[in-house]
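Visitor:
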Amino acid sequence: MNKTNILPGFRPALGFTLLYLGLVVLIPLSTLFFKTLQPDSQLTWQGYIHIISNDRVQAAFSVSFLAALLAAAIALVFGFIIAWTLVRYSLPAKRFFDAIIDLPFALPTAVAGIVLASLYAPNGLIGKPLTELGFKVAFTPAGIVIALIFIGLPFIVRTIEPVLQEIDASMEEAASSMGATRWQIFQRIIFPNVFPAALTGFAMAFARGVGEYGSVIFIAGNLPYVSEIVPLLIITKLEQYDYEGATALALTMLLVSFVILLTINLLQMLLRRRVTSERDSPVPALVTTEQLS
Amino acid sequence: MSIILNNISKHFGNFTALDNINLEIAEGELVALLGPSGCGKTTLLRIIAGLERADSGQVLLKGEDKTHKDVRERGVGFVFQHYALFRHMTVFENIAFGLRVKPRKQRPNETEIRKKVHALLELVQLDWLHDRYPDQLSGGQRQRIALARALAVEPEVLLLDEPFGALDASVRKDLRQWLRHLHENLNVTSIFVTHDQEEAMEVASRVVVFNHGVIEQQGTPSDIYDNPANEFVSRFIGDTNVIVINPQAANTVHVRPHDLEITKSNGDSAASATLKDWQHLGALIRIELAKKGVNGSPEIIYAEMPNEQFKRLQLDKGDKVDLHIRHAHWFHAA
Amino acid sequence: MNAQKIAKIAVNDPTWVRYTLTGLTLLVISLFLILPLVTIFFEAFAKGWEGYTNELTEYNNTAAVKLTLLVALICVPLTTVFGIASAWAIARFEFPGKSLLTTLIDLPFSVSPVTAGLIFVLLFGAQGWFGEWLQANNIKIIFAVPGIVLATLFITCPFVARELIPLMQEMGNEEEEAALSLGANGWTMFWRVTLPNIKWGLLYGVVLCNARAMGEFGAVSVVSGHIQGITNTLPLHVENTYNEYNAVGAFAAASLLTVLAIVTLVLKSFLEWQQQRDRASLTLPSS
Chain A
992 MNKTNILPGF RPALGFTLLY LGLVVLIPLS TLFFKTLQPD SQLTWQGYIH IISNDRVQAA
1052 FSVSFLAALL AAAIALVFGF IIAWTLVRYS LPAKRFFDAI IDLPFALPTA VAGIVLASLY
1112 APNGLIGKPL TELGFKVAFT PAGIVIALIF IGLPFIVRTI EPVLQEIDAS MEEAASSMGA
1172 TRWQIFQRII FPNVFPAALT GFAMAFARGV GEYGSVIFIA GNLPYVSEIV PLLIITKLEQ
1232 YDYEGATALA LTMLLVSFVI LLTINLLQML LRRRVTSERD SPVPALVTTE QLS
Chain B
665 MSIILNNISK HFGNFTALDN INLEIAEGEL VALLGPSGCG KTTLLRIIAG LERADSGQVL
725 LKGEDKTHKD VRERGVGFVF QHYALFRHMT VFENIAFGLR VKPRKQRPNE TEIRKKVHAL
785 LELVQLDWLH DRYPDQLSGG QRQRIALARA LAVEPEVLLL DEPFGALDAS VRKDLRQWLR
845 HLHENLNVTS IFVTHDQEEA MEVASRVVVF NHGVIEQQGT PSDIYDNPAN EFVSRFIGDT
905 NVIVINPQAA NTVHVRPHDL EITKSNGDSA ASATLKDWQH LGALIRIELA KKGVNGSPEI
965 IYAEMPNEQF KRLQLDKGDK VDLHIRHAHW FHAA
Chain C
68 MNAQKIAKIA VNDPTWVRYT LTGLTLLVIS LFLILPLVTI FFEAFAKGWE GYTNELTEYN
128 NTAAVKLTLL VALICVPLTT VFGIASAWAI ARFEFPGKSL LTTLIDLPFS VSPVTAGLIF
188 VLLFGAQGWF GEWLQANNIK IIFAVPGIVL ATLFITCPFV ARELIPLMQE MGNEEEEAAL
248 SLGANGWTMF WRVTLPNIKW GLLYGVVLCN ARAMGEFGAV SVVSGHIQGI TNTLPLHVEN
308 TYNEYNAVGA FAAASLLTVL AIVTLVLKSF LEWQQQRDRA SLTLPSS
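Chains as they are written, first to last, in this note's numbering: chain A, 992 to 1284; chain B, 665 to 998; chain C, 68 to 354.
(1) Just verifying my parser: in three-state terms, what is the DSSP assignment at residue 993 (chain A)?
(2) How should residue 947 (chain B) be labelled, buried or exposed, when 16 other C-beta atoms within 10 angstroms of its C-beta is the threshold for buried?
(3) Take every Cβ of the segment 1241–1260 of chain A, pair it with every Cβ of the segment 181–193 of chain C, and state whether three or more of those distances are shorter than 8 Å.
(4) List, from N- to C-terminal side, the beta strand (DSSP E) runs of 3 residues or more that fit wholly inside the segment 700–739 of chain B.
(5) Answer yes if the segment 258–271 of chain C comes into contact with the segment 334–345 of chain C, meaning at least three C-beta pairs across the two stretches below 8 Å, and no otherwise.
(6) Looking only at C-alpha atoms, which of B:888, B:845, B:801 sits nearest to residue 747 (chain B)?
(7) Where DSSP assigns a beta bridge to residue 310 (chain C), which residues make up the other side?
(8) Taking the runs of the beta strand (DSSP E) that are 3 residues or longer, which of them lie wholly in the segment 772–853 of chain B?
(9) How would you label residue 1250 (chain A), buried or exposed, when you count the other beta carbons within 10 angstroms and need 16 or more for buried?
(10) Given a cut-off of 8 Å on the beta-carbon distance, is the pair residue 692 (chain B) and residue 817 (chain B) in contact?
(11) CB-CB under 8 Å to residue 716 (chain B), same chain, minus the five flanking residues each way: which ones, in chain order?
(12) In chain order, what residues of the segment 708–735 of chain B put their CB closer than 8 Å to some CB of chain A?
(13) Find out if the Cβ-Cβ distance for the pair residue 223 (chain C), residue 279 (chain C) is shorter than 8 Å.
(14) Establish whether the CB of residue 752 (chain B) and some CB of chain C are separated by less than 8 Å.
(15) Closer than 8 Å between beta carbons: that is the criterion. Which residues of the segment 1141–1172 of chain A meet it against chain B?
(16) Which residues, in chain order, does the segment 1215–1235 of chain A contribute to contact with chain C at a C-beta distance below 9 Å?
(17) Per DSSP, which one or two residues make a beta bridge with residue 955 (chain B)?
(18) Have a look at residue 806 (chain B) and residue 840 (chain B) and give me their C-alpha separation to the nearest angstrom.
(19) Which stretch, first to last residue, makes up the alpha helix (DSSP H) that contains residue 679 (chain B)?
(20) Return the CA-CA distance between residue 293 (chain C) and residue 210 (chain C), expressed in angstroms with no decimal places.
(21) Looking at chain F, is there any beta carbon in it that lies within less than 8 Å of the beta carbon of residue 1001 (chain A)?
(22) Between which two residues does the alpha helix (DSSP H) containing residue 1036 (chain A) stretch?
(23) Looking only at its own chain, which residues have a Cβ that is under 8 Å from the Cβ of residue 791 (chain B), when we skip the five neighbours before and after it?
(24) To which residues of the same chain is residue 1070 (chain A) closer than 7 Å at the C-beta, ignoring the five residues directly before and after it?
(25) Among residues of its own chain, excluding the 5 on either side of residue 206 (chain C), which ones have a beta-carbon nearer than 7 Å to its beta-carbon?
(26) Terminal residues of the continuous beta strand (DSSP E) containing residue 985 (chain B)?
(27) Who does residue 768 (chain B) pair with in a DSSP beta bridge?
(28) Which full runs of the alpha helix (DSSP H) of 4+ residues lie inside the segment 881–947 of chain B, going along the chain?
(29) What first and last residue would you give for the beta strand (DSSP E) that runs through residue 1224 (chain A)?
(30) What residues from chain C crowd round residue 852 (chain B), counting only those whose CB sits closer than 9 Å?
(31) Using the Cβ count rule (16 or more neighbours within 10 Å means buried), how would you classify residue 744 (chain B)?
(32) Checking the sheet assignment: what are the DSSP bridge partners for residue 969 (chain B)?
(33) Can you pull the chain C neighbours of residue 813 (chain B), defined as C-beta to C-beta under 9 Å?
(34) Of all the residues that make up the segment 836–849 of chain B, which are near chain C by a beta-carbon distance shorter than 7 Å?
(35) Just reading off the alpha helix (DSSP H) that residue 695 (chain B) is part of, what are its end residues?
(36) Whose Cβ in chain B lies nearer than 9 Å to the Cβ of residue 241 (chain C)?
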C-alpha cells in the first residue's frame, strides 16, 4: 500500500521517535565507540589488543560463547520437542503448559539465578542426586549452560511453534499418498519448512545467552579462567575503575554478537530466497503496482 | 459541473499512475472508472477524495478549487474497497461517527443523530442490524452499512472503490441493481471504480475506460460497446475476435462473436472455416471455428448465435462453413 | 487447524514416538519451569508464614519495592508513548531510512544488560563525559535513581514498539482514512479509531515492558551502587540478601517478583487470546 499518504502526525511522531531513541539509546551506546577516540583516553589500538589478548579475558570469552552456543543447541532440541508436542498432540492442561513456556521471559533473571543455584547446588533438590552420580553442575561451566538453557528455551519454542502450526496438513497427506514414510515426511517436508525459524530461534537464544548476566552469576561460581563470563568481567573491571578495560570488553562482545547475528540473518535470507523461488515463479511487476488501482 | 479534473498527474517513483487526466462529471451522474489492475483508476478516485495528493493538476468540486483541501473539508463520501468499518463500533455507531465528530456548533443533538441514523439504516434496509458489530455481518451487509455511513455526512459526491469487488457473484448481482436504484432515488453525483466491464456497463450511466494512467475512451455503455475508440477498448469491453488481415501493414479487424454469421458450405473459399466444437452458454451457443490465417497457420475464431438458429443449421463437428461478417471494427495496430 | 486434522496428524506418528515426545516435553517443562517456580515459594516459606512476612516487611525490602514501583511508574509510560509514536511513523508512512530505524529500535535487545549499564557509567560516571560537570553542579545520576531509570529506559525501549509496528502494519490504514473522510480530525481519529483497534496489542506490550522494568537486573546492577534501602531495586535486593546467606529473605523478595511474573503470564495469555479473536474477526468470509 502506498503510504505517502494524508494521515496526520508524521512529523511529530517521527521527530519524537528520533529524539527519544537518540537520547535513550543511540547517544549512550555511541560512548562505547567514542571512548576509544577520546584524546585523553588511554585506550589506543595497542591498548585494546593488550586488554583483549589477556589470558583471563580470553578464557572469559571462551566460556561465554561456548556456553551460549552449547545451551542454544540443547535448547533447540528441547524446544523443538516441546513445540512439536504442544502443536500436534492433545495434552491435558495444554493452555497452562503453553503459557508457562514464557516464564523465563517474565521471571526476573536474578530470581531465576538464585532458584537455579539452590536447585543445582550440591545439597539442592537436583544437585544432590547429580553429585552422588558424580556430576557437579552448580559453580562449574555446566551450571552456566543450565541457566542459559532456561533463558533460551522460550525463544526456540516461540519461533518454531507458529511455523509448525502453519504447515499445511494437506502437504503431509500428499507426501503420504505418494508413499513417503513418516520419517521421510519429517525430513523432506517438515524439517525444511521449520529450519529457518529454528535458526532464528537459535540465534536469538544464543545472542541472549552471550550477554546474560543475572541468571548466570549465582550458579556459575565465577572462578576466573574456569566459569567467569564476560559480563561479570566487565563489572569486575568497572568496580576497579578500569573503564578502558570494561569498554574494550563490551565493545568486543557487541561486535562479535553483531557479526554472528548478521551471518545468521544472511544465511536465512539465502534460505528464504531458495524456498520462495522454488515455490512460485518470480512476481510479475504488475502485482506490485496492483494496489495502486 | 459537479466534478472537474484538470491535468491530473501522479507518479509513484518511476511508475506513472496517472498521466495528465482531464475529466468532467455532471451533477447527478453515476460514472464508472473502468480498467485493468494498475491502470490508475483507484488512484484517481483517491485524489478526488483527497486521500491522495496529485503531483500536478486541479480538482474542482461544485466549481470550488479543492486541490489543496484536506479530505475532511471536501464534502465527499468514500466507500472503501474492504469497507473499513470501525470494527470496535456497532453498526449504529459506525453510521453516527461522521455526525458525532462534527465541530460542536454543527453537531446535531442525540435525538437528531438517532433519527438520522435510523433513517439511513432504513434506506439500506438494515435497521434490524443496528446493534451488531461489523464482524457479525455478511459481506453484502457490510457493503450497505459502509454506504450508509458515507451518506450520513450528506456528501456532495459519493466515491466507491471497487464496491462489489469483495463479494460473491450472486450477492454482487443483487447489489448492482440496488445501487442503481438507490442512485436514482438520491441523485447524488457518484463515481465508482471497477475492473469488471459487465459491472460498469450494467450500473453506470457513463463509463470512463482507463489504461496505463490515461483515459482511453468515455461514453455511455452502448457507445463504448458499439464504437470502441481503439484496440484496447475493443478487447477490454466484451468478447472480440481479432483477425490479422495484413501482417505488413499491421492492420487488424475486430469482430464480435455475435457479429459473425455462418452458413454451411462445401467450398474452400478464403472465408471458409472448419467447425471444431461448440458450447452451450445458456440462450446462446458459442461455436469454435478453425480458419486458415494469413500466413497459413491455423487461427481459432468464435461465433455466437441463438440456440434455435444453430439447430436450424444442422452442423456437426468437422463441417465446413462460410463466414459472413455483419459488423466489424478496423484498427491500425500500434 | 481443526481438531479433526490434529487428531489425524497425531495418528500418523507411531504411538511410541508420541509417548516419548510427550514424556520428554513434560519432563523438561517440569524440571526447568515448574520445579523452579515451586521452589521459590517453598524456600520463601521455609521458616513459615511469620518468617516470610518478617522478611517482606523489613525496611530494606519495602524500600526496594517502593523504588521498583517508582522506576516502573516512570519508565512504562515513557516507553509506551515512544512505542506509539514510533509505530505510527513506521507503520503508517514511507520515509528514507525506515528499515534502519526499525533495526535501531530493536538494538537494545542485542546489547548485554551489563553493557547497557556500562554506557551510562561512561556518560555520567565520575570519570565519564559529563562526570566533572555533574559533580560541580552536585547532580547525582550514577549510583542514584536517575541512573536506574535511564538504564531501564534503554532496556525497555523496544518492548511496546515491536508489538505495535507489525500489528498496525497488518491493520492497514483504511479505517483511519475512513474516519478522516467522515470529517474526524487527527486527535479524534487517534482516540476513537486507532487506539481502540490497537488496545490489546498495546496492553500486551505494556505488560511485557512493565515486567522487564520491574525485573531488570544486569543493567540496573551496574548503575545502582547497591546502596541498601536507597538504590536497591527489588531484584538487587534479592541478590544482596542471597549473598548475605539469608535464603528466606532472598526468596521472600523473589516471591514478589515471581507473583509479578505469574500475573504477567496470565495477562499475556489473556491478551493473546483477545488479539486472536480480533484477528479472526478481520478475516470473515466475504458474504
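Note that beta-carbon positions come from the ideal geometry of N, C-alpha and C, so glycine has one too. Please read all numbers here as calculations on a predicted model, not as lab measurements.
Guide: A quick look at the data gives this:
(1) Because the pLDDT at residue 993 (chain A) is just 40, under 50, the model does not fix this residue reliably, and the value given afterwards should be weighed accordingly. Looking at residue 993 (chain A) - three-state DSSP - the assignment turns out to be coil, as it is neither helix nor strand.
(2) exposed
(3) yes
(4) 720–725
(5) yes
(6) B:801
(7) For residue 310 (chain C), which the question treats as bridged, DSSP gives no partner whatsoever.
(8) 821–825
(9) exposed
(10) no
(11) 674, 707, 710
(12) 714, 715, 716, 717, 734, 735
(13) yes
(14) yes
(15) none
(16) 1221, 1222, 1223, 1225, 1226, 1229, 1232, 1234
(17) B:963
(18) 15 Å
(19) Segment 679–689 is the beta strand (DSSP E) holding residue 679 (chain B); no alpha helix (DSSP H) there.
(20) 8 Å
(21) In summary, chain F is missing from the structure at hand, where the protein chains are A, B and C.
(22) 1036–1043
(23) 782, 785
(24) 1144, 1147, 1148, 1151, 1192
(25) none
(26) 984–989
(27) In the DSSP output, where bridge partners are listed per residue, residue 768 (chain B) has none listed.
(28) 885–890, 895–900
(29) From DSSP, residue 1224 (chain A) is part of no beta strand (DSSP E) but of the alpha helix (DSSP H) over 1221–1230.
(30) Ordered by position in chain C, no residue passes the 9 Å Cβ test against residue 852 (chain B), which lies about 15 Å from the chain.
(31) buried
(32) B:949
(33) 245, 249
(34) none
(35) Careful: residue 695 (chain B) lies outside any alpha helix (DSSP H), inside the beta strand (DSSP E) at 694–698.
(36) 744, 745, 746, 747, 748
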